[in-house]
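To start, the structure under review is shown below, and the notes come after it.
Number of protein chains: 2
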Amino acid sequence: MSLFLQLVSVSEAVAEICRLAVRCGDDSVPLPEAFHRVLALDVQADVDIPGFTRSVVDGFAVHASDTTGSGDTIPSILNLSGRVEMGVSLKRHIKSGDCIYVPTGGILPEGADAVVMIEHAEQIGDEVLVKKPVAHGENVLFFNEDFSAGEVVCTKGRRLTSQDIGVLAAAGCTSVPVIRTPLIGIISTGNELVSVNHKPMPGQVRDVNSYVVAAFVQEQGCKPVQYGIIRDDRDALRSAISLAAGECDAVLISGGSSKDERDMVAAIIAERGTVLVHGIAIAPGKPTIIGKYNGKPVIGLPGHPASAFIVLIAIVSHMITAMTGETASTLRTIHATLGQNIPSSKGREDYVRVAVRDGIAMPLFGKSGLLNTLVRSTGVIRVPAESEGLETGTRVEVIVW
Amino acid sequence: MSLFLQLVSVSEAVAEICRLAVRCGDDSVPLPEAFHRVLALDVQADVDIPGFTRSVVDGFAVHASDTTGSGDTIPSILNLSGRVEMGVSLKRHIKSGDCIYVPTGGILPEGADAVVMIEHAEQIGDEVLVKKPVAHGENVLFFNEDFSAGEVVCTKGRRLTSQDIGVLAAAGCTSVPVIRTPLIGIISTGNELVSVNHKPMPGQVRDVNSYVVAAFVQEQGCKPVQYGIIRDDRDALRSAISLAAGECDAVLISGGSSKDERDMVAAIIAERGTVLVHGIAIAPGKPTIIGKYNGKPVIGLPGHPASAFIVLIAIVSHMITAMTGETASTLRTIHATLGQNIPSSKGREDYVRVAVRDGIAMPLFGKSGLLNTLVRSTGVIRVPAESEGLETGTRVEVIVW
Numbered sequence: 002m003s004l005f006l007q008l009v010s011v012s013e014a015v016a017e018i019c020r021l022a023v024r025c026g027d028d029s030v031p032l033p034e035a036f037h038r039v040l041a042l043d044v045q046a047d048v049d050i051p052g053f054t055r056s057v058v059d060g061f062a063v064h065a066s067d068t069t070g071s072g073d074t075i076p077s078i079l080n081l082s083g084r085v086e087m088g089v090s091l092k093r094h095i096k097s098g099d100c101i102y103v104p105t106g107g108i109l110p111e112g113a114d115a116v117v118m119i120e121h122a123e124q125i126g127d128e129v130l131v132k133k134p135v136a137h138g139e140n141v142l143f144f145n146e147d148f149s150a151g152e153v154v155c156t157k158g159r160r161l162t163s164q165d166i167g168v169l170a171a172a173g174c175t176s177v178p179v180i181r182t183p184l185i186g187i188i189s190t191g192n193e194l195v196s197v198n199h200k201p202m203p204g205q206v207r208d209v210n211s212y213v214v215a216a217f218v219q220e221q222g223c224k225p226v227q228y229g230i231i232r233d234d235r236d237a238l239r240s241a242i243s244l245a246a247g248e249c250d251a252v253l254i255s256g257g258s259s260k261d262e263r264d265m266v267a268a269i270i271a272e273r274g275t276v277l278v279h280g281i282a283i284a285p286g287k288p289t290i291i292g293k294y295n296g297k298p299v300i301g302l303p304g305h306p307a308s309a310f311i312v313l314i315a316i317v318s319h320m321i322t323a324m325t326g327e328t329a330s331t332l333r334t335i336h337a338t339l340g341q342n343i344p345s346s347k348g349r350e351d352y353v354r355v356a357v358r359d360g361i362a363m364p365l366f367g368k369s370g371l372l373n374t375l376v377r378s379t380g381v382i383r384v385p386a387e388s389e390g391l392e393t394g395t396r397v398e399v400i401v402w
Numbered sequence: 002m003s004l005f006l007q008l009v010s011v012s013e014a015v016a017e018i019c020r021l022a023v024r025c026g027d028d029s030v031p032l033p034e035a036f037h038r039v040l041a042l043d044v045q046a047d048v049d050i051p052g053f054t055r056s057v058v059d060g061f062a063v064h065a066s067d068t069t070g071s072g073d074t075i076p077s078i079l080n081l082s083g084r085v086e087m088g089v090s091l092k093r094h095i096k097s098g099d100c101i102y103v104p105t106g107g108i109l110p111e112g113a114d115a116v117v118m119i120e121h122a123e124q125i126g127d128e129v130l131v132k133k134p135v136a137h138g139e140n141v142l143f144f145n146e147d148f149s150a151g152e153v154v155c156t157k158g159r160r161l162t163s164q165d166i167g168v169l170a171a172a173g174c175t176s177v178p179v180i181r182t183p184l185i186g187i188i189s190t191g192n193e194l195v196s197v198n199h200k201p202m203p204g205q206v207r208d209v210n211s212y213v214v215a216a217f218v219q220e221q222g223c224k225p226v227q228y229g230i231i232r233d234d235r236d237a238l239r240s241a242i243s244l245a246a247g248e249c250d251a252v253l254i255s256g257g258s259s260k261d262e263r264d265m266v267a268a269i270i271a272e273r274g275t276v277l278v279h280g281i282a283i284a285p286g287k288p289t290i291i292g293k294y295n296g297k298p299v300i301g302l303p304g305h306p307a308s309a310f311i312v313l314i315a316i317v318s319h320m321i322t323a324m325t326g327e328t329a330s331t332l333r334t335i336h337a338t339l340g341q342n343i344p345s346s347k348g349r350e351d352y353v354r355v356a357v358r359d360g361i362a363m364p365l366f367g368k369s370g371l372l373n374t375l376v377r378s379t380g381v382i383r384v385p386a387e388s389e390g391l392e393t394g395t396r397v398e399v400i401v402w
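Chains as they are written, first to last, in the numbering used here: chain A, 2 to 402; chain B, 2 to 402.
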């Protein structure tokens with residue numbers, strides 16, 4: 002009897018896991034800790050930015066119209082009528098024909114609408130020779146030109162970049178509303194597994210998946226919680242799953258590579274929950290289980306690290322996005338031109354590792370169980386289930402590691 | 002007199018800062034903490050990977066040649082002569098015409114060279130009908146096919162990804178040799194600056210740069226150390242620079258936006274070190290200072306956050322790479338087609354913000370001091386100094402945020 006009578010498509014599996022995933026609650030962190038967190042609420046500027054019209058260069062505040070036609074040979078000659086000090090507002094209106102020295106960041110005197118850079122001017126006594134015309138607004142940031150008070154500066158669901166942190170600082174957001182970091186429980190199963198500090202005996206392999214899965218979920222903005230290597234013992238596995246599902250927002254069970262082990266994982270989930278998916282039409286990664294245990298999503302990953310990694314990308318990343326409410330995908334992609342044909346079976350979504358160089362993506366064929374192709378590749382190409390392959394020269398999207 | 006008589010090119014500035022930067026020493030961290038760190042030494046596999054020839058599916062170990070020509074209608078009929086248990090080596094040689102059940106990850110019996118997936122076989126009593134031929138090596142990972150003992154699995158200078166962490170686990174690397182995290186001191190200067198939890202009065206602006214710079218260096222794998230907002234007071238600034246240069250590997254002085262303030266920063270550096278660069282042919286970002294103080298690199302960033310951010314990308318990122326010995330750039334790039342002409346002045350390297358959609362990069366012109374274009378853009382395009390601009394349709398590399 003075939004094992005995988007009920008293979009579901011990748012999109013069905015993604016839909017299932019997104020239905021299961023519960024969006025984590027809101028939290029708030031001090032601004033310096035907000036980098037790479039997901040914003041839980043829209044943030045508005047509490048003040049106008051900038052709060053005053055200011056110069057962005059060191060130079061002479063002028064009426065722009067006074068500089069029309071000026072050049073090196075025939076400069077405009079203006080009367081220097083004062084000097085702005087940093088942080089001080091000059092209570093004087095600048096009139097046509099006059100100019101006032103203003104430092105970078107200084108308050109533009111009233112009446113002026115542009116600043117001539119000092120590199121383009123020459124001061125001789127009380128006169129300034131302007132050698133290059135400026136347009137209205139040149140070298141000036143006007144009052145609230147960047148953001149108005151009350152304007153949304155960053156929208157919820159955004160994973161905060163370093164520039165976003167800067168904008169939040171300007172907006173006065175010292176305490177940032179973010180999504181609580183999802184806790185992901187990680188369990189490794191298999192009698193063949195030994196911990197990394199042991200040399201494996203024949204038949205044994207090191208527990209690679211715990212580390213790969215932890216680093217992956219960490220990269221995606223989650224906190225991994227390790228529950229160790231569990232032997233193929235139903236009671237021990239049940240205890241571990243129950244504990245992890247109680248303490249975490251989702252559980253990833255890594256390993257259970259053989260049919261018997263997978264069946265045990267599925268049976269334990271079924272005792273107190275539901276197995277929703279048992280096999281996905283994806284290569285590599287077919288023997289994946291998706292279930293609900295104690296109301297929490299539980300995913301049984303393939304035992305091979307290289308296959309598990311594809312399931313992390315194709316399925317688990319979507320679960321994490323659903324938990325954080327992040328609006329963009331957590332995966333990075335680049336475009337490239339396929340350098341070699343990729344054959345594929347219809348009805349199965351294939352993930353083929355490629356090395357991208359100079360915009361050309363070369364498939365790294367070879368066994369999906371090899372770690373070395375995972376490290377030597379730039380990323381993976383998705384060959385859709387309805388396709389029988391991709392031809393040389395096709396523009397492809399590469400999910401980069 | 003012109004301020005910037007001695008403008009240096011971006012490449013000269015990068016060369017200077019890389020000469021100044023000292024590679025940080027080696028450190029070692031437990032494997033679970035090694036994600037995103039830079040490897041200090043090549044790491045070799047301590048064992049053969051895999052350590053035994055294993056099946057990658059649940060199925061029947063066979064002589065591949067016994068399955069030639071088999072199909073749904075005319076299956077090959079093999080004699081089922083046993084079963085491999087996980088982690089146990091079957092001390093029996095499998096002979097032609099026989100097959101042995103083997104679970105995923107099980108040790109392949111001697112003599113067999115391939116595994117027929119159970120989906121492609123039917124067991125009837127002691128006989129197995131094989132309905133699809135397998136090739137030599139199919140569904141099998143051979144002894145040390147992935148890595149041989151002693152083979153380098155990850156090279157020094159690599160910033161460790163989640164797959165790398167998996168490979169290091171497989172290689173038995175529990176304590177990972179990494180580069181010590183560079184400490185970057187951050188000082189903000191300017192009488193106009195107020196801390197983020199204050200509402201700025203006219204003439205004042207919030208200290209945005211401390212936050213932007215800290216998040217940026219954090220993203221690049223460094224640890225930011227804040228020295229606060231320092232008023233434009235020579236003694237106070239000297240003390241702060243001296244303290245930061247003593248405690249950190251490099252110092253970024255943010256602000257000092259006006260000529261007077263910049264001159265003060267330069268003068269303090271000159272007291273106990275050297276000012277190597279005072280002005281770079283880059284837009285935005287011209288008023289950048291590079292110096293050496295107490296043997297440490299010190300960079301004076303432009304006061305405008307948006308300009309400072311370009312200098313972080315164009316100059317500071319290279320300093321960090323030099324300090325960590327990372328072999329790849331820390332910046333991420335994508336390729337796109339330019340959707341609009343970009344004019345540019347020869348002799349100056351321009352960084353133009355663009356929004357990329359569907360592979361088309363549209364320049365966001367406008368004032369370089371605006372934060373909103375920094376947040377609304379996808380990244381920047383570099384227009385080389387020797388170019389007078391880029392034409393619509395040009396393939397460009399976008400440094401993405």
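Ideal Cβ placement from N, Cα and C applies to all residues, glycine included.
From a predicted model like this one, the values you see are computed outputs, not experimental measurements.
DSSP three-state assignment for residue i, whether helix, strand or coil
i	result
residue 362 of chain B	strand
residue 93 of chain B	coil
residue 347 of chain B	coil
residue 3 of chain A	In this predicted model, residue 3 of chain A has a pLDDT of only 38, less than 50, meaning its place in the structure is not dependable enough to derive any value.
residue 320 of chain A	helix
residue 262 of chain B	helix
residue 42 of chain A	coil
residue 232 of chain B	coil
Cut-off 8 angstroms between Cβ atoms - residues of its own chain near residue i, not counting five sequence neighbours on either side
i	result
residue 159 of chain A	39, 40, 165, 327, 328 and 329
residue 388 of chain A	345 and 347
residue 35 of chain A	161, 166, 169, 177 and 179
residue 226 of chain A	184, 185, 186, 187, 245, 248 and 249
Partner residues on chain B for residue i, Cβ-Cβ distance less than 8 angstroms
i	result
residue 207 of chain A	170, 171 and 173
residue 167 of chain A	209, 210, 212, 213, 216, 306, 310, 372 and 375
Inter-residue Cα distance where the pair is residue i and residue j
i	j	result
residue 124 of chain A	residue 100 of chain A	11 angstroms
residue 42 of chain B	residue 333 of chain B	24 angstroms
residue 116 of chain A	residue 142 of chain A	10 angstroms
residue 353 of chain A	residue 154 of chain A	39 angstroms
residue 113 of chain B	residue 96 of chain B	8 angstroms
residue 50 of chain B	residue 111 of chain B	18 angstroms
residue 44 of chain B	residue 264 of chain B	48 angstroms
residue 65 of chain A	residue 306 of chain B	26 angstroms
Listed by chain order, chain A residues near residue i by CB distance under 7 angstroms
i	result
residue 403 of chain B	Because residue 403 of chain B is not part of the residues shown, which for chain B are 2 to 402, the question remains open.
Neighbour list for residue i in chain B, Cβ cutoff strictly below 9 angstroms
i	result
residue 293 of chain A	None at all; the shortest Cβ gap to chain B is about 25 angstroms.
residue 137 of chain A	Correct list: empty, because the minimum Cβ distance to chain B is about 13 angstroms.
Residues of its chain near residue i, where Cβ-Cβ distance is below 6 angstroms and the 5 sequence neighbours each way are ignored
i	result
residue 194 of chain B	208 and 230
residue 205 of chain A	193 and 195
Interface partners of residue i on chain A, CB under 9 angstroms
i	result
residue 220 of chain B	36, 37, 162 and 163
residue 365 of chain B	Chain A residues near residue 365 of chain B: none, gap ~13 angstroms exceeds 9 angstroms.
Listed by chain order, chain B residues near residue i by CB distance under 7 angstroms
i	result
residue 111 of chain A	Within 7 angstroms Cβ-Cβ: nothing; residue 111 of chain A doesn't reach chain B, min ~12 angstroms.
Residues of its chain near residue i, where Cβ-Cβ distance is below 7 angstroms and the 5 sequence neighbours each way are ignored
i	result
residue 274 of chain A	292, 293, 294 and 295
residue 25 of chain B	180, 181, 183, 250, 324 and 325
residue 201 of chain B	195 and 207
residue 365 of chain B	354, 355, 356, 374, 377 and 378
residue 105 of chain B	56, 57, 58 and 59
Proximal chain A residues relative to residue i, where beta-carbon distance stays under 8 angstroms
i	result
residue 108 of chain B	203 and 204
residue 198 of chain B	173 and 175
residue 48 of chain B	200 and 201
Closer than 6 angstroms: residue i CB and nearest the ligand NAD heavy atom
i	result
residue 289 of chain B	Inclusion of the ligand NAD in the displayed structure is not the case, the ligand content being empty and no account of it being possible.
Worksheet item: Quick check: the stretch 71-88 of chain B against the stretch 123-141 of chain B, are there 3 or more CB pairs under 8 angstroms?
Response: As far as the Cβ criterion goes, the stretch 71-88 of chain B touches the stretch 123-141 of chain B, which means the pair count is three or higher.
Worksheet item: Quick check: the stretch 349-361 of chain B against the stretch 289-297 of chain B, are there 3 or more CB pairs under 8 angstroms?
Response: Contact annotation: the stretch 349-361 of chain B does not touch the stretch 289-297 of chain B, with fewer than three C-beta pairs closer than 8 angstroms.
Item to complete: Inspect the CB distances between the stretch 19-28 of chain B and the stretch 366-377 of chain A and report whether three or more fall short of 8 angstroms.
Response: Short answer: they don't touch.
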